[in-house]
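Asker:
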Amino acid sequence: MDKSAQIVAIIQKVSGKALTPDSAESLFDSGLLDSFALPDMVGEIEKVFSLKIPDSDLTPRKFDTIERIEQYIEEHGN
Amino acid sequence: MAFLKAFGSYLPERVVSNAEIGARVGCDAEWIRNVSGIDERRFAAEGESVVDLALRAAQDCLEQAKMKASDLGMILVSSGSWERQFPGPAAAVASKLGLDTTPSLDVPMASAGSLFGMSLASRLCESLGPILVIGAEKMSQVVEREPMERGVAILFGDGAGACLVHPSNGFAKVLDCGLYSDGAYSEDLKLPFESPLEMNGRSVILQASRKIPRAIASLLDQHRRRAADVAVFLMHQANQNLIARVAQALEVAEDKFYSNIKNFGNTSSASMLIAAAEWSRSHSLQPGETLCFAAFGAGFHWGALLAEGAG
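Which chain is which? The protein sequence lines are A and B, in order. Okay, so the first sequence: first residue is 611 according to our numbering, each after it adds one. Okay, so the second sequence: first residue is 132 according to our numbering, each after it adds one.
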């Protein structure tokens, strides 16, 4: 499974919705995720991609779209 | 050595329902309950000030402790919604308690102020004597600033809580506390002098969801205790969904976290002590049992305090 598909699977898991957002669509402004789903999503990203995201990187903007999440993983992944 | 001797609280009479606040900001009662766990909150009367709220909680706490104001070595008042720039409310509260020389210290810190106050008091009381820590907030005057913002207006309420920290006796001995601050997020939750409170809710929740459990776990580790061993967690009543996430992160049942946010909303720095006062009226801590306080707020400032039932 490619990164994008893995991210979509995470979003579907934490949102409980079987939707596939566009890669540039805001996950929060679109109403797909609420504020409390954000820490859950970040936790899942860490688990699935074996990442340890430092608090200083935890800005909502970095995890607002599939594109941005993918970019973060590219830059910080193993 | 420091002990927790008693708690006290005061909630204003006026009950403001979700339906009432929702009608003002365009949302319904059920939505407010779902996003916050809040059903209603209290608003102070127009002429009721932060000092008035603090005084009532102080009097309740002194009565519970069976002590007089003249026994106090210091008064410490936290408030993020105090009505003027200076002086802060602490000296006025002391004066209304009949004290004219007792040092009184303001902690102008929203949400985490009571926790920081208790931690300071536990370190200072051996040299100064019993310290009364008060958290008092009139958040209604903040949320009613125009334009009212939905995400802010639904959360907050007014009230005051107090805790007597004593150097030689009490129902619980303070074991330790861990306090933290990170000003990198100072723009994410702020109250300017005149304009409405500004909150980046996503950032607050994201950081709080990680920092609170970590502060608690670190303190528990240092004292070789597990979260499951804690008798009760008394946390800042910010949002029931946040309390649930902290419980989940610590792998304990949500009901280990005492909660009264349903009835009083988020009363900022007063909330943890209001919850503590309510808990203490119907529960007692057995010798050796662990009590854990935790808070997180604007700054960001956060931390935890561990206490153990005294024999």
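Backbone N, C-alpha and C fix where the C-beta goes; we use that ideal spot for every residue, glycine too.
Using 8 Å as the limit for Cβ to Cβ distance, is V652 of chain A near chain B?
Answerer: Closer than 8 Å: yes.
Asker: Put F324 of chain B into one of helix, strand or coil per three-state DSSP.
Answerer: Residue state, collapsed to three classes: coil.
Asker: Can you give the Cα-Cα distance for E275 of chain B and I152 of chain B, rounded to whole angstroms?
Answerer: Those two C-alpha atoms are separated by around 10 Å.
Asker: Out of B:A407, B:D319, B:I285, which has the shortest C-alpha to C-alpha gap to L295 of chain B?
Answerer: Checked all of B:A407, B:D319, B:I285; the closest Cα to L295 of chain B is B:A407.
Asker: From which residue to which residue does the beta strand (DSSP E) around C192 of chain B run?
Answerer: Not the beta strand (DSSP E): C192 of chain B falls in the alpha helix (DSSP H), residues 181-196.
Asker: Classify S299 of chain B: buried if its beta carbon has 16 or more other beta carbons within 10 angstroms, exposed otherwise.
Answerer: Exposed is the call here.
Asker: Please work out which residues of its chain come closer than 7 Å, Cβ to Cβ, to M279 of chain B, disregarding the five sequence neighbours upstream and downstream, and give them in chain order.
Answerer: Same-chain partners within the cutoff: R155, V156.
Asker: Assuming E409 of chain B is part of the alpha helix (DSSP H), what are its boundary residues?
Answerer: Where E409 of chain B is concerned, the enclosing alpha helix (DSSP H) stretches over 402-413.
Asker: Please state the DSSP three-state secondary structure of K623 of chain A.
Answerer: K623 of chain A: helix per DSSP, three-state reduction.
Asker: Looking at the secondary structure, which residues open and close the beta strand (DSSP E) in which W213 of chain B lies?
Answerer: From DSSP, W213 of chain B is part of no beta strand (DSSP E); its letter is neither H nor E.
Asker: Are L193 of chain B and Y141 of chain B close, meaning C-beta to C-beta below 8 Å?
Answerer: Not in contact: L193 of chain B and Y141 of chain B (Cβ atoms no closer than 8 Å).
Asker: Give the secondary structure of F659 of chain A by DSSP, where H, G and I count as helix, E and B as strand, and everything else as coil.
Answerer: It is coil, neither helix nor strand.
Asker: Would you mind reading off the limits of the alpha helix (DSSP H) that contains R333 of chain B?
Answerer: It spans 332-353 - the alpha helix (DSSP H) in which R333 of chain B sits, taken as one unbroken run.
Asker: Rounded to the nearest angstrom, what separates M270 of chain B and Q616 of chain A at their Cα positions?
Answerer: Looking at the two C-alpha atoms, the distance is approximately 43 Å.
Asker: Under 9 Å Cβ-Cβ, which residues of chain B neighbour F646 of chain A?
Answerer: What F646 of chain A touches in chain B: V166, I336, S340, N370, N372, L373, A375, R376.
Asker: Could you pull the start and end residues of the alpha helix (DSSP H) that F395 of chain B belongs to?
Answerer: Looking at the DSSP string, the run of the alpha helix (DSSP H) that includes F395 of chain B is 392-395.
Asker: Determine, using beta carbons only, whether L642 of chain A and I336 of chain B come nearer to each other than 8 Å.
Answerer: It is not a contact, given that the beta carbons lie outside the stated cut-off.
Asker: Quick one: is G178 of chain B buried, meaning 16 or more other Cβ sit within 10 Å of its Cβ, or exposed?
Answerer: G178 of chain B should be labelled exposed.
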